[in-house]
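So the sequences go chain by chain: Y and R.
Numbering-wise (my numbering), the first sequence opens with residue 1 and increments by one.
Numbering-wise (my numbering), the second sequence opens with residue 311 and increments by one.
For each residue, glycine too, the CB sits at the ideal point set by N, CA and C.
Protein chains: 2
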Amino acid sequence: MKIGIVGYGNLGKAVEKVASLNKDIRIVGIFSRRKVESTNPTYTIEEAKNFKGKIDVMFMCSGSERDLATQTPEIAKMFNVIDSFDTHAKIPEHLEKVGKACKTANTSAIVCCGWDPGLFSVMRAIYSSIFDYTECFWGKGISLGHSNAVRKVDGVIDAKQYTVPNPKAVALAKKGLPINVAKHFRECYVVANEKKAEIEQSIKKIPNYFLGQPTSVKFISQKELDTKHNSLAHQGNIYSYSNIDSDAFSSHFELSMTSNPLLTAKILLAYANAILKMQKFNIYSALTPLEVPPVWLHDLSVKELTKTLC
Amino acid sequence: MKIGIVGYGNLGKAVEKVASLNKDIRIVGIFSRRKVESTNPTYTIEEAKNFKGKIDVMFMCSGSERDLATQTPEIAKMFNVIDSFDTHAKIPEHLEKVGKACKTANTSAIVCCGWDPGLFSVMRAIYSSIFDYTECFWGKGISLGHSNAVRKVDGVIDAKQYTVPNPKAVALAKKGLPINVAKHFRECYVVANEKKAEIEQSIKKIPNYFLGQPTSVKFISQKELDTKHNSLAHQGNIYSYSNIDSDAFSSHFELSMTSNPLLTAKILLAYANAILKMQKFNIYSALTPLEVPPVWLHDLSVKELTKTLC
Numbered sequence: 001m002k003i004g005i006v007g008y009g010n011l012g013k014a015v016e017k018v019a020s021l022n023k024d025i026r027i028v029g030i031f032s033r034r035k036v037e038s039t040n041p042t043y044t045i046e047e048a049k050n051f052k053g054k055i056d057v058m059f060m061c062s063g064s065e066r067d068l069a070t071q072t073p074e075i076a077k078m079f080n081v082i083d084s085f086d087t088h089a090k091i092p093e094h095l096e097k098v099g100k101a102c103k104t105a106n107t108s109a110i111v112c113c114g115w116d117p118g119l120f121s122v123m124r125a126i127y128s129s130i131f132d133y134t135e136c137f138w139g140k141g142i143s144l145g146h147s148n149a150v151r152k153v154d155g156v157i158d159a160k161q162y163t164v165p166n167p168k169a170v171a172l173a174k175k176g177l178p179i180n181v182a183k184h185f186r187e188c189y190v191v192a193n194e195k196k197a198e199i200e201q202s203i204k205k206i207p208n209y210f211l212g213q214p215t216s217v218k219f220i221s222q223k224e225l226d227t228k229h230n231s232l233a234h235q236g237n238i239y240s241y242s243n244i245d246s247d248a249f250s251s252h253f254e255l256s257m258t259s260n261p262l263l264t265a266k267i268l269l270a271y272a273n274a275i276l277k278m279q280k281f282n283i284y285s286a287l288t289p290l291e292v293p294p295v296w297l298h299d300l301s302v303k304e305l306t307k308t309l310c
Numbered sequence: 311m312k313i314g315i316v317g318y319g320n321l322g323k324a325v326e327k328v329a330s331l332n333k334d335i336r337i338v339g340i341f342s343r344r345k346v347e348s349t350n351p352t353y354t355i356e357e358a359k360n361f362k363g364k365i366d367v368m369f370m371c372s373g374s375e376r377d378l379a380t381q382t383p384e385i386a387k388m389f390n391v392i393d394s395f396d397t398h399a400k401i402p403e404h405l406e407k408v409g410k411a412c413k414t415a416n417t418s419a420i421v422c423c424g425w426d427p428g429l430f431s432v433m434r435a436i437y438s439s440i441f442d443y444t445e446c447f448w449g450k451g452i453s454l455g456h457s458n459a460v461r462k463v464d465g466v467i468d469a470k471q472y473t474v475p476n477p478k479a480v481a482l483a484k485k486g487l488p489i490n491v492a493k494h495f496r497e498c499y500v501v502a503n504e505k506k507a508e509i510e511q512s513i514k515k516i517p518n519y520f521l522g523q524p525t526s527v528k529f530i531s532q533k534e535l536d537t538k539h540n541s542l543a544h545q546g547n548i549y550s551y552s553n554i555d556s557d558a559f560s561s562h563f564e565l566s567m568t569s570n571p572l573l574t575a576k577i578l579l580a581y582a583n584a585i586l587k588m589q590k591f592n593i594y595s596a597l598t599p600l601e602v603p604p605v606w607l608h609d610l611s612v613k614e615l616t617k618t619l620c
């Protein structure tokens, strides 16, 4: 597979690293807005058009969701694309925009393909079809969305927010019981020079993110934030449960990573195989992982996979 | 969904029980070779042909694999069918026979749709596409195949075999290390009147099933076997792992059930939704769960599911 990488932040570098360990993948180019250095060839995003027909799948790795919202549909007019778009509320719009580009250009796309949304979406779809109860927990790990919400508070210089599952909620989920406590604790580490009491109150009042949730705020130095709170580790758990009379059924899926971008890169590379299948079957549209049959994730034929995996 | 049930052993009764708890499902009939009693209408298998066009999906619940090997393709000539065929070596042949019947009759089928093969096959396909290492463990639970192998030994009146994961092997799998010990212990409970030492030796020498595996044999009375070793509980675990330099990624999927047939029934009913989608899209063939996109497991539209599950 010949691949291109658009964006060269944490995720772009992770895709480069994972791809370079796979001898069946060749990195044709890294495309970035700013000048970047790599052992692989680097180009500006504008130069991408010169590679039409020379790249099988373009990996969209721009840092912000705002970038992906415009770049993925734009690049899909020339290349098959895959991204890990994760602004939940905007997924339907994103799918539609990318799908429209694919239809006009006979390209194929898979979007929202990280660990959540992505792998976790697939697990939720399967477990919730079998079990009557399914609950997800995230963390312990740094949440980008919540960290950004804290950073927007007046007076905050920098901040990180850890999402931490509430053990009481997890204990209820394991038994398939309704969760009547907060599912997650919100631990904020904040850099600020003044008005600390006010900042703490403002954070705790942010609706959707912190209001009504057990939130702790600790003020630390920029140096401490940079050195002690820069972990890319994350974790997720899905608990499912059903019972019929005295019989009970449960499943538990646990995912752990020391590097969120490296795992996202591994998931993107697995689902890139599905894009080649979409091209083979003339499917010129944008799908989420929810629509991808598991066999498409592998190079092997259905016959061989059935023998090996069934 | 209007369903029929062919076979009225443990699994047929489980499908009836799970289906009767779902108000969107109507049991049109139970079809059995022998005369059976139920609160639902019962018929002979020969009478099934009278229900052509009146049943959306026929649930193939015959006890033995030998029955399914002939019944599923036969019934697929008249109805959409789903089964949990699990004789690993014969899956390709079964798929082909059922698929051929579907093509001639414009019906759709999903086969090998229990928890393993079935749900576990899907999990293996997904995890093995992302992670470099994937290991499965089964049990503690009674294995039908191994129990049957013991029963065939000369002098054995009855027997049950528990498959029990070896904790040392599990510890290696959790770390993504090669497994250089036996993965499972084999605990046999045997009813026999004489030649017990010979029987024990014969069991331990059965190739593929027990030879070279840590096997214990305990002789007990028929009464003890019937009362203490009739549990339908089972469990399965899948460990996946990858590392890149000092970064590590792992997943663990654990499935537990107090009733193997009831969970199989729940899985069959979830995947029956996919058969309706196959009919909608004119897919007249036999698939395993490996080829089923997760969205097909639900009634809702792709748009609604993307909103809810992504």
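| query | Which of the residues in the stretch 400-426 of chain R, read from start to end, lie with their CB under 7 Å from any CB of chain Y? | reply | I401, P402, L405 and C422
| query | From N148 (chain Y) to E74 (chain Y), what distance separates their C-alpha atoms? | reply | Reading the first sequence from its first residue, position 148 is the one you call residue 148 (chain Y). Reading the first sequence from its first residue, position 74 is the one you call residue 74 (chain Y). Taking the straight line joining both Cα atoms gives about 26 Å.
| field | Contacts of R434 (chain R) in chain Y (Cβ-Cβ under 8 Å) | value | Indexing the second sequence from 1 puts residue 434 (chain R) at position 124. Chain Y residues near R434 (chain R): L309.
| message | If I follow the unbroken beta strand (DSSP E) through N547 (chain R), where does it start and stop? | response | Along the second sequence, read from residue 1 onward, the residue named residue 547 (chain R) stands at position 237. Element bounds for N547 (chain R): H544 to I554.
| Spatial neighbours of V612 (chain R) in its chain, beta-carbon cut-off 8 Å, leaving aside the 5 residues before and after | By 1-based counting over the second sequence, the position of residue 612 (chain R) is 302. So the qualifying residues of the chain are V605.
| When the cut-off is 8 Å and only beta carbons count, does G257 (chain Y) lie next to chain R? | Mapped onto the first sequence, residue 257 (chain Y) falls at position 257. According to the sequence displayed, residue 257 (chain Y) carries Met and not Gly. Yes, M257 (chain Y) counts as interfacial toward chain R.
| message | Here's a check: name, in chain order, each residue in its chain whose Cβ is nearer than 7 Å to the Cβ of K205 (chain Y), leaving out the five neighbours to either side. | response | Along the first sequence, one-based indexing puts residue 205 (chain Y) at 205. L211, listed in sequence order.
| field | Cβ distance (whole Å) where P599 (chain R) is taken to contact G428 (chain R) below 8 Å | value | Within the second sequence, numbered from 1, the residue matching residue 599 (chain R) stands at position 289. Within the second sequence, numbered from 1, the residue matching residue 428 (chain R) stands at position 118. Right, their Cβ atoms sit about 5 Å apart.
| task | For my contact list, C371 (chain R) and Y594 (chain R) are in at a C-beta cut-off of 8 Å; report their separation, rounded to the angstrom. | result | To locate residue 371 (chain R), count along the second sequence from 1; it is residue 61. To locate residue 594 (chain R), count along the second sequence from 1; it is residue 284. Not confirmed; about 23 Å, so no contact.
| task | With 9 Å as the C-beta to C-beta threshold (strictly closer), list the residues of the stretch 276-290 of chain Y near chain R in chain order. | result | L287, T288, P289 and L290
| query | Which runs of the alpha helix (DSSP H) fall wholly inside the stretch 151-198 of chain Y and span at least 4 residues, in chain order? | reply | 167-174
| request: Check whether the stretch 541-555 of chain R touches the stretch 566-574 of chain R, taking contact to mean three or more Cβ pairs, one atom from each stretch, closer than 8 Å. | output: yes
| request: May I have the straight-line CA-CA distance separating E508 (chain R) from T525 (chain R), to the nearest angstrom? | output: Here residue 508 (chain R) is taken as the residue at index 198 of the second sequence, counted from 1. Here residue 525 (chain R) is taken as the residue at index 215 of the second sequence, counted from 1. Going by the C-alpha atoms only, they are around 15 Å apart.
| message | Am I right that A125 (chain Y) and L615 (chain R) are in contact with their C-beta atoms under 8 Å? What's the rounded C-beta distance? | response | Reading the first sequence from its first residue, position 125 is the one you call residue 125 (chain Y). Reading the second sequence from its first residue, position 305 is the one you call residue 615 (chain R). A125 (chain Y) to L615 (chain R), Cβ: 7 Å. Contact.
| query | Does DSSP put G99 (chain Y) in a helix, in a strand, or in coil? | reply | As a position in the first sequence, residue 99 (chain Y) is number 99, starting the count at 1. Here G99 (chain Y) sits in helix by DSSP.
| Cβ neighbours of H252 (chain Y) in the same chain (closer than 8 Å, five flanking residues each side left out) | Counting from 1 along the first sequence, the entry for residue 252 (chain Y) is found at position 252. Excluding positions up to five away in sequence, the list reads K174, N237, I238, Y239 and S240.
| query | Taking the alpha carbon of I244 (chain Y) as the point to measure from, which residue in Y:K152, Y:M278, Y:K223 and Y:Y133 has its own alpha carbon closest? | reply | Your numbering for residue 244 (chain Y) matches position 244 in the first sequence. It is Y:Y133.
| Residues of chain Y with a CB under 7 Å from the CB of H544 (chain R): which are they? | Here the question's residue 544 (chain R) lines up with position 234 in the second sequence. The premise fails here: H544 (chain R) is roughly 10 Å from chain Y at the closest Cβ pair, so nothing lies under 7 Å.
| request: Could you tell me which uninterrupted alpha helix (DSSP H) segments, each at least 4 residues in length, are contained entirely in the stretch 218-306 of chain Y, listed from first to last along the chain? | output: 222-228 and 260-280
| request: For V339 (chain R), I'd like the list of residues in its chain whose CB is within less than 6 Å of its CB, leaving aside the five on either flank, ordered along the chain. | output: Translated into positions along the second sequence, residue 339 (chain R) becomes position 29. Sequence check: residue 339 (chain R) is Gly here, not Val. For G339 (chain R), where only same-chain residues beyond five positions count, the Cβ hits under 6 Å are G314, P351 and Y353.
| query | If you drop the 5 nearest sequence neighbours on each side, which residues of the same chain put their C-beta closer than 8 Å to that of R336 (chain R)? | reply | Position 26 of the second sequence, counted from the first residue, corresponds to residue 336 (chain R). These residues qualify, in order along the chain: M311, K312 and I313.
| query | Does the beta carbon of D24 (chain Y) sit closer than 8 Å to a beta carbon anywhere in chain R? | reply | Locating residue 24 (chain Y) in the first sequence gives position 24, where the first residue counts as 1. Chain R contact via Cβ: absent.
| said: Alpha carbons only, please: which of R:F447, R:I452, R:G451 and R:V500 is nearest the one belonging to P477 (chain R)? | reply: For the purposes of this step, residue 477 (chain R) is taken as the residue at position 167 of the second sequence. Taking only the C-alpha atoms, the option nearest P477 (chain R) is R:F447.
| field | Alpha-carbon spacing of S438 (chain R) relative to V156 (chain Y), whole angstroms | value | Here residue 438 (chain R) is taken as the residue at index 128 of the second sequence, counted from 1. Here residue 156 (chain Y) is taken as the residue at index 156 of the first sequence, counted from 1. Rounded to the nearest angstrom, the two C-alpha atoms are 43 Å apart.
| Identity of the residues DSSP links to G314 (chain R) by a beta bridge | Your numbering for residue 314 (chain R) matches position 4 in the second sequence. Answer by DSSP bridge pairing, in chain order: R:G339 and R:M368.
| task | Take F495 (chain R) as the anchor and find which of R:E406, R:Q589 and R:V527 has the nearest alpha-carbon. | result | Within the second sequence, the letter at position 185 stands for residue 495 (chain R). When only C-alpha atoms are compared, the closest one is R:V527.
| field | Any chain R beta carbon closer than 8 Å to T306 (chain Y) | value | One-based indexing of the first sequence puts residue 306 (chain Y) at position 306. Cβ-Cβ to chain R under 8 Å: yes for T306 (chain Y).
| query | Shorter than 8 Å from the beta carbon of I365 (chain R) to some beta carbon of chain Y? | reply | Position 55 of the second sequence, counted from the start, is the residue given in the question as residue 365 (chain R). Closer than 8 Å: no.
| field | Spatial distance of T72 (chain Y) from K617 (chain R) (CA atoms) | value | Here the question's residue 72 (chain Y) lines up with position 72 in the first sequence. Here the question's residue 617 (chain R) lines up with position 307 in the second sequence. Taking the straight line from one Cα to the other gives about 20 Å.
| Per-residue DSSP class, three states only, for V81 (chain Y) | Start at 1 with the first residue of the first sequence, and residue 81 (chain Y) comes out as number 81. Correct three-state label for V81 (chain Y): strand.
| query | Along chain R, in chain order, which residues have C-beta atoms closer than 7 Å to that of V15 (chain Y)? | reply | The count along the first sequence starts at 1 and reaches residue 15 (chain Y) at position 15. What V15 (chain Y) touches in chain R: nothing, since even the nearest Cβ is about 12 Å away.
| Out of R:L405, R:D468 and R:D334, which has the shortest C-alpha to C-alpha gap to D536 (chain R)? | For this step, residue 536 (chain R) is matched to residue 226 along the second sequence. The shortest Cα separation from D536 (chain R) among R:L405, R:D468 and R:D334 belongs to R:D468.
| message | Within a Cβ cutoff of 6 Å, which residues of the same chain sit near F395 (chain R), ignoring the five residues on either side of it in sequence? | response | Position 85 of the second sequence, counted from the first residue, corresponds to residue 395 (chain R). Within the same chain, F395 (chain R) has close Cβ partners L378, H404, V421 and C422.
| request: Can you tell me which of the three DSSP states F447 (chain R) falls into? | output: Taking the first residue of the second sequence as position 1, residue 447 (chain R) is located at position 137. In this structure, F447 (chain R) counts as strand in the three-state DSSP scheme.
| said: Rounded to the nearest angstrom, what separates A582 (chain R) and E326 (chain R) at their Cα positions? | reply: Counting from 1 along the second sequence, the entry for residue 582 (chain R) is found at position 272. Counting from 1 along the second sequence, the entry for residue 326 (chain R) is found at position 16. The alpha-carbon atoms of A582 (chain R) and E326 (chain R) are separated by roughly 14 Å.
| request: Ignore the nearest five residues each way along the sequence and tell me which others in G141 (chain Y)'s own chain have a CB closer than 8 Å to its CB. | output: In the first sequence, the residue the question calls residue 141 (chain Y) occupies position 141. Answer for G141 (chain Y): Y162, T163, S231, A233, H234, Q235 and N260, listed in chain order.
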